[in-house]
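Visitor:
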Amino acid sequence: KNTPNKKSYSSFAELLKDIEDIYEEIERSEEDIAAGRTTPAIEVLEEIREKYGL
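What the sequence shown shows, in UniProt numbering, is residues 1 to 54, in sequence order.
1. Which of the three DSSP states is assigned to A35 in this structure?
2. Give the C-beta separation of P40 and I33 to the nearest angstrom, bearing in mind that I take them to be a contact with Cβ-Cβ under 8 Å.
3. Which residues in the same chain have their Cβ closer than 7 Å to the Cβ of T38, if we skip the five residues on either side of it in sequence?
4. Does the beta-carbon distance from L15 to Y9 come in below 8 Å?
5. Measure the C-alpha to C-alpha separation of A13 and E25 and round it to an integer number of angstroms.
As structure tokens, then:
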């Protein structure tokens, strides 16, 4: 069964590369948050919740 949004990998190396790319993106995001360049999503959601009484 093949779903349209599911990527198929022809090799383990391709899969590993995608996993490494995702890991690097997560690390960059954490560095951005730590450096104050961006706001964690949880903080934004908390502000929205408080603003609208959710």
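Note that beta-carbon positions come from the ideal geometry of N, C-alpha and C, so glycine has one too.
Guide: In short, the structure shows the following:
1. coil
2. 5 Å
3. So the list reads D32, once near-sequence residues are dropped.
4. If you check the CB distance, L15 and Y9 come in under 8 Å.
5. 18 Å
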